[in-house]
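> In the numbering used here, the protein residues as written are 427 to 1127. Take this structure first; my questions come after.
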Amino acid sequence: MKQNYLITPIDYLKGVGPNRADLLKSELKIFTYNDLLYFFPFRYIDKTKYHKISELENTNSNVQVIGKFIDIRHSDSSKFKRLIGVFSDGKGEIEIVWFKGIKWIEKSIQINKEYVIYGKLNWFNNKFSIIHPETEILEKHNKSLKNSLLPIYSSTESISSKGMNNKLFRDLVYNIFEKSGKTFSENLNKNINEKYALISKYEALYNIHFPKNQLLLSKAQFRLKYEEFFFIQLQFVFKNLINKNKFKGFNFYKVGDFFNNFYQNNLEFELTNAQKNVIRDIRKDFSSNAQMNRLLQGDVGSGKTIVALLSCLIAIDNNYQTTIIAPTEILAQQHYNGIKNSLKGLDLNIKILTGSTKNKDRINLFNELKNGEINILIGTHAILEDKVVFKNLGLAIIDEQHRFGVAQRSKLWKKNTTPPHILVMTATPIPRTLAMSVYGDLDISIIDELPPGRKPIKTVHRTDKNRLQVFRFLKDEILKGRQIYIVYPLIEESKTMDYKDLMDGYESIEREFSKDKYQISILHGRMKNEDKAYEMNRFKLKETQIMVSTTVIEVGVNIPNASVMVVESAERFGLSQLHQLRGRVGRGSENSFCILMSKDKISNDARTRIKTMTSTNDGFKIAEVDMNLRGPGNILGTQQSGLLNFKIADIIKDKDILDIAREDAKNLIKNDPQLRNADNKEIREEYAKLNKNSILWKHIS
Ligand code: ADP
Ligand code: MG
């Protein structure tokens, strides 16, 4: 193979004209031969088996038979014109039926020549038949690729509407192999190849597209999955090394008055053991001389905020400033109010900065920040902007990290000459293996217990038929002094409709819950921030009993007296969203409820989601189901990380491969930290290719 064959632009491939080249580039991001080779089939049709006609049994399944046409005739019995061929393999007969292109087919079919026929088996008129099958002369069939597992490629609407079908993809991929020669450059080392008896790179790529049999397909899959995991893990190993070696961190050696005073006088509850452990992890990081990059994972309501606050106090005790960043204005405001309140009596300057902070307030705030007078700055993305300058930022905390991108996190690094310690918090319950892959550059702490006294949230599924009964239940709860959320979906694509639903819903709630007895708040994204804050506050102060809202309240909102969550059109929500919404209740010591309202008829997936919600409160279990339904790439928030776009590997199903790849990557770097050994030349080259522009490459080059 010529050195650069695989990076030939796709435009040069036989069968790809300018139009197709454009489509491949714009729709599928296929720019080179190599990109097309890595456009893997998502399933295969097994054409390695041939059926005997006398043994056919399952209608609706695809069958492949070898035989001859012994007769071809027009059907005159019905008003639809049909062409019927009688196909025999010597032991049995089957009818082959065509409705279209009859003339052409009649001319091209040769009687008494051997054919291979593939299609879906029917049972009609007391006979087996196949309608419009794929038909190929046996001689040709044996020479072609078709006697294998046939690859099926995923497609997009505009690709298939332009006539680029599966067969075309097969041909294009085949055309690459035709001119490629039988070797591609390798990218692992001898040690690894031998340890797992891997097939060669060429064989793997060939057999992932055109597997001769199941065994070769499995070997190809194993090799390609392994590679994919291996190089990602290698990145993480390097990243960790860099973090530990290169970025010196502030040493917060002491725990001082602010922390101790707060702990003794202000803290209203005993920390859970899980919370204590996390604080311990963080304190260790603080005194390690290296910059902390820690992910704190804890289910909704597990008490992450107090951990954030205590960490801030340690930083402040060491004369550094701190910041807490939340994804929404509502949440930032809540943190601000809550934290200000719990720090009462301590001489600390706490400020809030969001998109709606007035200009004149900003000027003051920026000054105080630059002078080091602000101890805790709470806010939204606004804090990330370059003009927000601290005197000495020592700790930055991101709440609900899954709402932020990696790029945003890295902006924090530049907020001080020595990068501040970074703590990111998320409630998105990611299984540990997945977390390692998504956040492989972070150390992880988990809060795996809820504060004591919490009662499990009771979740039920109800449909419109039950609406009156649901309303009655809500009224009973309000009578007991509880408050209620009623949430409507709001999806970008159907925004206008959704707003209408929300408003209609609001009106019907107003009719049902008359003004003389009930006060209702409404909250949605089109409201001004001040209005949102006003409504939120009214609800918080119990001036209103019902909060009708879109998912703007989804993350973080903490109002312990609200104990009922009604989700309208629950069938339209994803699992993680439902779990987050449900997490708004069950925060106090009262019994709490989540009522999932849906239409009578819902899809199977929606039913699974709702059933999962009604059967468990465990965020990790819910995440597993979510992943099985949607694949890991779609888990809320992980898309943004850009690290989960696996082409072939599946973090859940291929966990075993992930584990060995991680081990191997670690050992490799332990023994050859710069990848200088001749044995590792190929790995080094591949790694360089993958990380051309990144700081990770500069580290070893
Ligand atoms: P999340 O982890 O979802 O951010 P929060 O930090 O908002 O959870 O905490 C939820 C509620 O639990 C808050 O009202 C908080 O005061 C309370 N809480 C946190 N830790 C404890 C604890 N150890 N004991 C009792 N209540 C706690
Ligand atoms: Mg929170």
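Cβ coordinates follow ideal geometry from the N, Cα and C atoms, glycine included.
#1: Mapping DSSP to helix, strand and coil, what is ARG425?
#2: Would you mind working out which of ALA646, ARG998, LYS569 and SER713 sits nearest TYR679, comparing C-alpha positions?
#3: When DSSP labels each residue in this structure, what does TYR932 get in the three-state scheme?
#4: Reducing DSSP to helix, strand and coil, say where ILE1129 ends up.
#5: Would PRO577 and GLN717 qualify as a contact pair, given that the criterion is a beta-carbon distance under 8 Å?
#6: Are LYS651 and TYR628 touching if we call contact CB-CB under 8 Å?
#7: Note down, one range per segment and in chain order, each beta strand (DSSP E) of at least 3 residues found wholly within the region 562-649.
#8: Contact check, ARG394 vs ALA988 under 8 Å by CB: the rounded distance?
#9: Hey, is the region 687-704 in contact with the region 727-737, meaning 3+ C-beta pairs nearer than 8 Å?
#10: Counting only the same chain and skipping the five closest in sequence on each side, list residues whose C-beta sits under 6 Å from that of ILE800.
#11: Check this for me: beta carbons of ASN551 and THR485, under 8 Å apart or not?
#12: Any chance you could list the alpha helix (DSSP H) runs of at least 4 consecutive residues sitting entirely within the region 983-1017, in chain order?
#13: Quick check on ALA623: buried or exposed, where buried means 16 or more other Cβ atoms within 10 Å of its Cβ?
#14: Under 7 Å from any heavy atom of ligand 1, does the C-beta of GLU1016 make it?
#15: Work out the CA separation of LYS621 and LEU642 for me, nearest whole Å.
#16: Across which residues does DSSP place GLN490 in a beta bridge pair?
#17: Taking C-alpha atoms, which residue in ASP1044, GLU540 and GLY545 lies nearest to HIS567?
#18: Comparing the CB of ALA758 with every heavy atom of ligand 1, is any distance shorter than 7 Å?
#19: Determine the direct distance from the alpha carbon of GLU994 to that of MET923, and round the result to whole angstroms.
#20: Less than 8 Å separating the beta-carbons of GLY805 and ASN818?
#21: Is GLY805 helix, strand or coil when you go by DSSP?
#22: By alpha-carbon positions, which one of PHE1019, ILE873, PRO915 and PHE899 ends up nearest to GLY1045?
#23: Assign PHE506 to buried or exposed, taking buried as 16 or more other Cβ atoms, counted over all protein chains shown, within 10 Å of its Cβ.
#24: Three or more beta-carbon pairs under 8 Å between the region 438-445 and the region 594-605, yes or no?
#25: Does ALA822 come out as helix, strand or coil in the three-state DSSP assignment?
#26: Could you check the C-alpha separation between ASN592 and MET962 for me, to the nearest Å?
#27: Is THR844 near ligand 2, going by C-beta to nearest heavy atom under 7 Å?
#28: Taking the Cβ atom as the reference point for each residue, do VAL491 and ASP515 lie within a distance shorter than 8 Å?
#29: Is it the case that the CB of PRO986 approaches a heavy atom of ligand 1 more closely than 7 Å?
#30: Out of curiosity, what's the CA-to-CA distance linking PHE525 and LYS569?
#31: What residues match up with ILE479 in a beta bridge as DSSP calls it?
#32: Buried or exposed: where does PRO559 fall if 16 or more other Cβ atoms within 10 Å of its Cβ makes it buried?
#33: Can you tell me whether GLN701 sits near ligand 1, meaning its C-beta is under 7 Å from at least one heavy atom of the ligand?
#34: With DSSP as the reference, identify every bridge partner of PRO435, one or two as the case may be.
#35: Looking only at C-alpha atoms, which of PHE662, ASN1017, LEU928 and GLU956 sits nearest to LYS881?
For this structure:
#1: Not covered by the structure: residue 425. The range shown for the chain is 427 to 1127.
#2: Looking up residue 679 in the sequence shown gives position 253. Ranking the options by Cα distance to TYR679, first place goes to SER713.
#3: Taking the first residue of the sequence shown as position 1, residue 932 is located at position 506. Correct three-state label for TYR932: helix.
#4: Since the displayed the chain opens at 427 and closes at 1127, residue 1129 lies outside it and no answer follows.
#5: Position 151 of the sequence shown, counting from 1, holds the residue named residue 577. Position 291 of the sequence shown, counting from 1, holds the residue named residue 717. Contact: no.
#6: Taking the sequence shown and counting its residues from 1, one reaches residue 651 at position 225. Taking the sequence shown and counting its residues from 1, one reaches residue 628 at position 202. Not in contact: LYS651 and TYR628 (Cβ atoms no closer than 8 Å).
#7: Listed in chain order, the complete beta strand (DSSP E) runs (minimum 3 residues) inside the region 562-649 are 575-578.
#8: Residue 394 lies beyond the residue range present for the chain, which begins at 427 and ends at 1127; the question has no answer from this structure.
#9: By the Cβ test, the region 687-704 is in contact with the region 727-737, since at least three Cβ pairs between them sit closer than 8 Å.
#10: Position 374 of the sequence shown, counted from the start, is the residue given in the question as residue 800. Answer for ILE800: ASN775, LYS777 and GLU794, listed in chain order.
#11: Counting from one through the sequence shown, the residue named residue 551 turns up at place 125. Counting from one through the sequence shown, the residue named residue 485 turns up at place 59. The answer is no: Cβ separation not under 8 Å.
#12: 1001-1008
#13: The residue you call residue 623 lines up with position 197 of the sequence shown. Exposed, since its Cβ has fewer than 16 Cβ neighbours within 10 Å.
#14: By 1-based counting over the sequence shown, the position of residue 1016 is 590. Incorrect: GLU1016 has no Cβ contact closer than 7 Å to ligand 1.
#15: For this step, residue 642 is matched to residue 216 along the sequence shown. For this step, residue 621 is matched to residue 195 along the sequence shown. One Cα belongs to LEU642, the other to LYS621, and the distance between them is close to 18 Å.
#16: Stepping through the sequence shown from its first residue, residue 490 is reached at position 64. Paired residue(s): TYR544.
#17: Taking the first residue of the sequence shown as position 1, residue 567 is located at position 141. Per the Cα distances, GLU540.
#18: Mapped onto the sequence shown, residue 758 falls at position 332. No, ligand 1 has no heavy atom inside 7 Å of this Cβ.
#19: For the purposes of this step, residue 923 is identified with residue 497 of the sequence shown, where counting begins at 1. For the purposes of this step, residue 994 is identified with residue 568 of the sequence shown, where counting begins at 1. One C-alpha to the other measures close to 14 Å.
#20: The residue you call residue 805 lines up with position 379 of the sequence shown. The residue you call residue 818 lines up with position 392 of the sequence shown. No.
#21: Mapped onto the sequence shown, residue 805 falls at position 379. GLY805: strand per DSSP, three-state reduction.
#22: One-based indexing of the sequence shown puts residue 1045 at position 619. If we check each option's Cα against that of GLY1045, ILE873 comes out closest.
#23: Numbered from 1 along the sequence shown, position 80 holds the residue referred to as residue 506. Per the 10 Å Cβ criterion, exposed.
#24: yes
#25: As a working mapping, residue 822 is identified with position 396 in the sequence shown. Residue state, collapsed to three classes: strand.
#26: Here residue 592 is taken as the residue at index 166 of the sequence shown, counted from 1. Here residue 962 is taken as the residue at index 536 of the sequence shown, counted from 1. Roughly 53 Å separates the two Cα atoms.
#27: For this step, residue 844 is matched to residue 418 along the sequence shown. No, since every heavy atom of ligand 2 falls outside the 7 Å radius drawn around the Cβ of THR844.
#28: Reading the sequence shown from its first residue, position 65 is the one you call residue 491. Reading the sequence shown from its first residue, position 89 is the one you call residue 515. Contact flag set, yes.
#29: Counting from 1 along the sequence shown, the entry for residue 986 is found at position 560. At least one heavy atom of ligand 1 is nearer than 7 Å to the Cβ of PRO986, so yes.
#30: Position 99 of the sequence shown, counting from 1, holds the residue named residue 525. Position 143 of the sequence shown, counting from 1, holds the residue named residue 569. Using only the alpha carbons, I get a separation of about 29 Å.
#31: As a first step, residue 479 must be located in the sequence shown, where it is residue number 53. Residue pairing for ILE479: DSSP places it in no beta bridge.
#32: Against the sequence shown, residue 559 aligns to sequence position 133. Within a 10 Å sphere around the beta-carbon of PRO559 sit 16 or more other beta-carbons, which makes this residue buried.
#33: Position 275 of the sequence shown holds residue 701. Yes, the beta carbon of GLN701 sits closer than 7 Å to at least one heavy atom of ligand 1.
#34: In the sequence shown, the residue the question calls residue 435 occupies position 9. PRO435 is bridged to THR458.
#35: Counting from one through the sequence shown, the residue named residue 881 turns up at place 455. That would be ASN1017, whose Cα lies nearest to the Cα of LYS881.
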